[in-house]
Amino acid sequence: MTRLFGTNGVRGVVNEDMDMTLAGDLGRAIGTWLKIGKVAIGTDSRVSNQMLKSAVSSGLMSTGISVIDLGEAPTPAVQYYVRENADMGVVITASHNPPEFNGIKVVAGDGTEFLKDVEKEIEDIYFSKQFNIPSWKEVGSMTKDDPLRSYHKAVLDAVDRELIRNAGIKVVIDCANGVAGLSTPYLLRKLGCKVITLNAQLDGTFPGHESEPTEKNLKDLKKMVVNVGADLGIAHDGDSDRAIFFDEKGNFLHGDKTLTLMAKEIVKENGGGKVVTPVSSSSSVEDVVKECGGELIYTAVGSPIVARKMIESGAIFGGEENGGLIFADHQFCRDAPMTAVKIVELLVKENKPLSQIIEELPKYALDKRGVPCPDDLKEELMNKLKMTFSDKKYDDTDGLKILYSDGWVLIRPSGTEPKYRIYSQATTIGRAKELGDKHLTKLEEALNSLKESV
Ligand code: MG
C-alpha cells in the first residue's frame with residue numbers, strides 16, 4: 154500500500170492487508186497526531202472487529218491517549234458521542250464491503266469525518282514511524298461507555314413523537330445484519346410504529362445478503378413490504394450511515410428520491426436556507442430547493458466534503474444520493490436511523506402514500522458508464538477534456554460537468570479504480586443515453602490520442 158486512506162478510511166481484507174500490525178501502528182499514528190486527550194472507538198458487526206479494535210486501542214494507549222470503548226454501534230451514534238464526549242473518534246467498519254473486509258475510519262472532535270489533509274498528516278506519521286512513546290506512567294487507559302442512550306434521545310427529539318405515534322405506520326426494516334439492528338427498529342417502535350424486521354441480528358458473516366443496500370440485495374424486503382401491507386420499507390448499509398427506502402407498492406426508491414424529498418421538506422419548513430450536495434446529484438434536488446426559496450451549493454463528491462461545506466456555509470441540510478443524508482440541526486454526518494425517522498415523520502405529515510409523494514417530485518433519467526483509464530493518465534486526460542470542451546459551459550468543481558439546456562454530463566476519474574466515469578442526465582432516458590454515447594466517444598478519442606503520444 155502506498156497510500157493508507159481511501160475515500161472512506163483505511164480498508165482491506167482482514168489478515169491480508171488489514172492486519173494487527175497495521176491497526177496497531179495506525180493507532181500509534183493517530184495518538185501521535187492527537188498528542189493528548191480521549192479517543193472513543195466503536196465498531197460495526199464484523200467478525201474481525203474485536204481484533205482490530207484491540208490493536209488500534211493498544212496503539213492509541215501506547216502514545217498516552219485514553220480510549221473509550223463504545224462497543225458495537227451505528228457509525229452516526231459514534232460520531233454523535235465523539236462530538237459530546239471525546240477529542241476524536243475511530244470507527245472499525247468496512248461499511249457495505251464484503252465480510253472479509255474491514256476498515257478503520259477516523260472522526261474529528263466535532264463528530265465530522267476528517268478531510269484529506271488531516272488523513273495525510275496521520276498517514277505521514279504512520280509511514281515515518283515517528284511515534285510518540287511516553288514513559289510507563291503516562292500510558293493511556295481504557296474505559297467503556299454506551300453511546301446509544303443519548304444518541305437515541307437526540308433522534309427521537311428531532312421529530313414530532315405524538316404525531317407519529319397516532320398514525321399507525323407499519324414498516325419493514327432490513328438491517329443487513331449490521332449495527333442498524335441496534336437502533337432503527339428500536340426508534341420506530343418507540344414512535345409507535347408497527348415494526349417488522351429482517352436480518353436484525355448482528356452477524357458479521359452477513360447471512361441475509363451482502364451489506365450494500367442495492368435493489369438486487371433487497372428482494373426479501375421488497376416482497377415483505379407488499380406481503381404485510383406496510384407503508385414503507387427501510388434498508389441500511391452495514392454501519393448504518395445510509396438509508397434506502399421502498400414505497401408501499403414495493404418500488405425501490407433510488408437515493409436521489411429521498412434526498413430530493415427531504416431537501417424539499419426542510420427548505421419548505423424553514424422558508425428557505427442552503428442545501429449542499431455533490432455535483433453528481435440529480436437536478437431534482439436543485440429544482441425543489443429553488444422552488445421552495447432555498448439555495449443549492451454544489452461540492453466535489455464525498456460525504457466529508459459535503460459535511461464541511463454545510464458547516465462553513467451555514468446550510469440546513471445536505472447529502473448524497475447513495476442514501477447518506479445530513480441533518481444540520483442534529484449533526485454534521487450521514488445518519489441513517491435519523492433519516493428513517495424523518496422520512497416516517499414526513500409520510501405522516503403528508504398523509505399520502507409514499508409512492509404518491511415521490512410521484513410529485515421532478516423526474517430525470519440518469520445514464521452511468523465506466524471507461525478503463527490507467528491511473529497515471531487520469532490527470533492528463535482531464536486537462537485534455539477541458540480543452541476539448543472549452544467552448545461549452547461547464548463546472549469543474551469535481552471532474553468536468555458539461556451543462557446543456559436540457560441536461561448535463563459529468564466526466565470524472567474514479568477515486569478508487571483505474572477508471573473514468575461518465576454520468577449523463579436528461580429528462581428522458583433516450584436523451585441521457587445519447588449524451589452518454591456522445592461523450593464516451595469524445596473521451597475515448599482523447600484517451601487514445603494520449604496513449605499514442607506516450
Ligand atoms: Mg456506510
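Sequential numbering of the sequence shown, starting at 154, is according to the working numbering. Each residue gets a CB set at the ideal place from its N, CA and C atoms; glycine is no exception.
Cβ-Cβ distances below 8 Å link Leu355 to Ser198, Glu225, Asn330, Gly331, Val332, Gly334 and Leu335 in the same chain, with the five nearest sequence neighbours on each side left out; the list follows chain order. Per the DSSP secondary-structure output, Tyr234 pairs with nothing in a beta bridge. For the pair of segments examined, the stretch 265 to 280 was found not to touch the stretch 189 to 198: the number of CB pairs separated by less than 8 Å stays below three. Taking all protein chains shown into account, Gln484 has 16 or more neighbouring C-beta atoms within 10 Å of its C-beta and is therefore buried. Contact annotation: the stretch 453 to 470 does not touch the stretch 591 to 599, with fewer than three C-beta pairs closer than 8 Å. Beta-carbon to beta-carbon, Asn161 and Ser201 are separated by about 17 Å, too far to satisfy the 8 Å threshold.
Going by C-alpha positions, Asp240 is about 39 Å away from Phe405. Residue range Met173 to Leu187 is occupied by the alpha helix (DSSP H) that includes Asp178, with no beta strand (DSSP E) assigned at that position. Along the length of the stretch 432 to 513, whole alpha helix (DSSP H) runs at least 4 residues long occupy 436 to 444, 456 to 466, 489 to 503 and 507 to 512, reported in chain order.
Boundaries for Gly552: no beta strand (DSSP E) harbours it, and the DSSP string shows neither H nor E there. Annotation for Asp240 indicates a beta carbon at 7 Å or more from all heavy atoms of the ligand MG. In the DSSP annotation of this structure, the continuous segment of the alpha helix (DSSP H) that includes Asp590 starts and ends at Ile582 to Ser606. Leaving aside the five residues that flank Val562 on each side, the residues in its chain whose CB is nearer than 6 Å to its CB run, in chain order, Ile555, Ser577, Leu588 and His592. Residue burial is scored here from C-beta neighbours: Arg302 has fewer than 16 other C-beta atoms within 10 angstroms and is therefore classed as exposed. Ranked by Cα distance from Leu385, the first of Lys372, Glu401, Leu371 and Arg395 is Glu401. Going by C-alpha positions, Ser456 is about 9 Å away from Ile479. Taking the Cβ of His362 as the reference point, every heavy atom of the ligand MG lies at 7 Å or farther away. The closest heavy atom of the ligand MG lies 7 Å or more from the beta carbon of Asp178. Here Lys545 is exposed: its Cβ has fewer than 16 other Cβ atoms, across all protein chains shown, within 10 Å. Non-local beta-carbon contacts of Lys531 in its own chain, meaning distances under 6 Å to residues more than five positions away in sequence, involve Pro566 in chain order. Pairwise C-beta distances place the stretch 485 to 493 out of contact with the stretch 436 to 448, as fewer than three of them are shorter than 8 Å.
The count of Cβ pairs closer than 8 Å, one atom from the stretch 494 to 503 and one from the stretch 309 to 318, reaches three, so the stretches are in contact. Check the Cα spacing between Ala307 and each of Asp172, Tyr234, Gly408 and Lys505: the tightest is with Tyr234. Within the DSSP bridge table, the entry for Pro566 names Tyr573 as partners. Ala388 has Asp327 and Ile397 as its beta-bridge partners, per DSSP. Gln232 sits buried, since 16 or more C-beta atoms from the chains shown fall within 10 Å of its C-beta. Remark: C-beta atoms of Ala481 and Phe470 approach each other more closely than 8 Å. Your pair Asp327 and Asn352 checks out as a contact, with CB atoms roughly 6 Å apart and the cut at 8 Å. In this structure, Asn250 lies near Arg164, with their beta-carbon atoms less than 8 Å apart. Take the alpha-carbon of Thr594 and the one of Ser281: they are about 44 Å apart. When secondary structure is reduced to three states using DSSP, Pro366 falls in the coil class, being assigned neither helix nor strand.
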